[in-house]
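Undergrad: Per my numbering, residue 16 is the first one in the sequence shown, and the count goes up by one each step.
Glycine is no exception: its CB is placed at the ideal position from the N, C-alpha and C atoms.
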Amino acid sequence: MSPVYVGLTDKAFLRFHHGHGVPVISQTIAVLEHRLSDEQLRSMYEILCAGPGTRRVHRPAVPFARWRWVPAQDSLPLSVDLAAIDENDVLAWANTQAQYPLDPENGYGWRMSAVPTRSGGMVWSVIASHAIADGHAGLMAMAALVHPELASTAALGAVIDRRGDLRDGLRRSVAVARGVATEARRMVRDPAHRTAVRRALTAREPAPAGEPLGWREGSVVVTFDAAQWNARAAQRGGSPNTLYLALVADLLRHCSLVGPDGALVLLTAVRILREQDQADSNSFARVPIVVDPAWLDSGDLTPLRMASKAAFANVHDVGSGSISRPRNMPADLIDVLPEGLVERLAEPSPITVGMCSNMGVVDSFVPTAMRQGANPSMFMMRGVFQGIDAPRADRQPIALATWFSQFDGKIQWVLESLKPEMAHSDEELVFLARLIAESWDLEPLHVTSGDGNRRTTYRKFS
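1. Report the partner residues of LYS425 according to the DSSP bridge assignment.
2. In whole angstroms, what separates the C-alpha of PHE387 from that of ARG268?
3. By a C-beta neighbour count over all protein chains shown, 10 Å radius and 16 as the cutoff for buried, is MET16 buried or exposed?
4. Give me the Cβ distance between GLY233 and ALA438, rounded to the nearest whole Å; I'm assuming they're in contact under 8 Å.
5. For a test of the three-state rule: what should DSSP assign to GLU358, helix, strand or coil?
6. Does TRP84 come out as helix, strand or coil in the three-state DSSP assignment?
7. Find out if the Cβ-Cβ distance for the pair ALA452, VAL237 is shorter than 8 Å.
8. Please list, in chain order, all residues of the same chain as GLN421 whose beta carbon is under 6 Å from its beta carbon, the five residues on each side excluded.
9. Give the DSSP-derived three-state secondary structure of ASP404 in the structure shown.
10. DSSP has GLN250 in a bridge; who is on the other side?
11. Just list the beta strand (DSSP E) runs in the segment 85-159, keeping only unbroken ones of 3 residues or longer that don't cross its boundaries, in chain order.
12. State yes or no: is the C-beta of PHE79 within less than 8 Å of the C-beta of VAL351?
13. Shortest alpha-carbon distance to GLY36 belongs to which of ALA416, ARG407, ASN297 and PHE446?
14. In three-state terms, what does DSSP make of ARG340?
15. Hey, how far is the Cα of ALA284 from the Cα of VAL19?
16. Per the DSSP calculation, GLN42 is bridged to which residue(s)?
17. Judging by CA-CA distance, which residue of ALA27, GLY34, VAL21 and LEU23 is the nearest neighbour of ILE403?
18. Go ahead and label SER298 buried or exposed: buried means 16 or more other beta carbons lie within 10 angstroms of its beta carbon, across all protein chains shown.
19. In whole angstroms, what separates the C-alpha of GLY66 from that of GLN293?
20. Here's a check: name, in chain order, each residue in its chain whose Cβ is nearer than 7 Å to the Cβ of ARG201, leaving out the five neighbours to either side.
21. Going by DSSP in three states, GLU431 sits in which element: helix, strand or coil?
22. What's the C-alpha gap between PRO345 and GLU362?
23. Give a yes or no on whether the C-beta atoms belonging to ARG320 and ALA215 are separated by under 8 Å.
24. By DSSP, does HIS208 sit in helix, in strand, or in coil?
25. Hey, how far is the Cα of TRP82 from the Cα of ALA448?
26. Please determine, among VAL305, MET396, GLY135 and LEU316, the residue with the shortest C-alpha to C-alpha distance to ALA326.
27. Output the distance between the C-alpha atoms of PRO9 and MET137, rounded to the nearest integer angstrom.
28. Thinking C-alpha only, which one of GLY184, GLY124, ASP53 and LYS425 is nearest PRO255?
29. From the DSSP output, in three-state form, read off LEU29 for me.
30. Would you kindly work out how many angstroms separate the C-alpha atoms of ALA190 and TRP418, rounded to a whole number?
31. Kindly list the residues whose CB is nearer than 6 Å to the CB of ALA170, restricted to its own chain and excluding five residues on each side of it in sequence; keep chain order.
32. Only counting the same chain, and skipping five residues up and downstream in sequence, which positions put a Cβ closer than 8 Å to that of LEU433?
33. May I ask you to verify whether the segment 327-340 touches the segment 57-73, counting CB pairs closer than 8 Å and requiring at least 3?
34. Could you compute how far the alpha carbon of HIS49 sits from the alpha carbon of THR111?
35. Compute the Euclidean distance between the alpha carbons of ALA261 and THR168, then round it to the nearest angstrom.
36. Secondary structure at MET16, three-state DSSP: helix, strand or coil?
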């Protein structure tokens, strides 16, 4: 059995928990018409405790030996609120749960909670740090609630003795030395790179971030009939995923940092997972797709479908992005540098982007306990940036983060506004979502926002 090492992408998300950026968490949300019993909730919690999400980082004492994921002994406790909430407050409650602080490095990387609704139902949430679970790993955790035999940390149980760590440290020391030599040669021939590295080496650590101020992340879930969505996509020469990308790009045009004629760049998540890497925390890469505004104006999805296929065919390796591996420096060297230095080496993005994650059809991941009488009306996954405010939003490039999934014959389009220039409020984001849906001949079944309202809204454009 091979160890599950902490990858560069895992380390990037761990840095966010250490004050270098904002923590990114994934959240699974279920809205149930009938409540689960305490016994059912406890059983689900115990299954998750036994699963691969219950992991922590082991740092070998040997210099340069790689960090690895190992089973954790404890988990955060199950939280069940006693006071019932109104059904309109489902997303607001979920937003509160999503801000709970996690400590993935020490084994407290996920949390399960639930609350009853006044109508007799329940809302259920599981949050997990992106350091321990991307979308695929999160779905695999949910799969254990359908197939309990999958709830195991066996894949994390590889035993590495001190001799093994010494071998790994020796091999890595050679790789790191080669990386240093490579960087030295690069700095000689590339003055701009030399300046950037020197700046990172000599800059002071920024002061710890304070409490979030002012504007907060906006949250909206738009639900469509899947048959209507698929029909509209086919009529316009695209797939359901192409229509999803088109709507996100069209919505991004309303961000004042982009504008109606600016470059529309979508970062799409593509899973890269070999069979032997099933226990990895993060197995995805971000693939950029540049969308021509003329494609959106024509309403023809064919050019976007062709462009997305070409982009997906040229996906890079996991951990090769600018956040995980800044300035494309050697991976082994980046892996041993202090995290503050790695953060300072990362170059700010010159463009504003939208983020897209297609989770596919999720019906088979609905926990068995929910299928047996709880009657879920919503089951979805999304991501949340913990504690983001206007200053923090200004330091990252994503204006709009979105998730797409299908459950029970319905499409769930999840929107998170990550810059005030995208939407100043949930109300504004609701309006924009309805506006874009209408322009593509789509009629939402309902729209849920984080401020606890379902309504039609209006905005005057400047």
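TA: In short, the structure shows the following:
1. ASP240 and PHE422
2. Per the sequence shown, residue 387 should be read as Gln rather than Phe. In a straight line, the C-alpha of GLN387 is about 43 Å away from that of ARG268.
3. exposed
4. 5 Å
5. helix
6. strand
7. yes
8. ALA241 and VAL376
9. coil
10. Paired residue(s): none; GLN250 is not in a bridge.
11. 125-131 and 137-144
12. yes
13. ARG407
14. coil
15. 22 Å
16. ILE142 and ARG397
17. GLY34
18. buried
19. 13 Å
20. HIS208
21. strand
22. 16 Å
23. no
24. helix
25. 43 Å
26. VAL305
27. Residue 9 cannot be examined here, being either before or after the span of the chain that is shown, 16 to 477.
28. LYS425
29. helix
30. 38 Å
31. ALA294
32. GLU232, PHE400, ILE403, ALA408, GLN411, ILE413, ALA414, LEU415 and ALA416
33. no
34. 22 Å
35. 40 Å
36. coil
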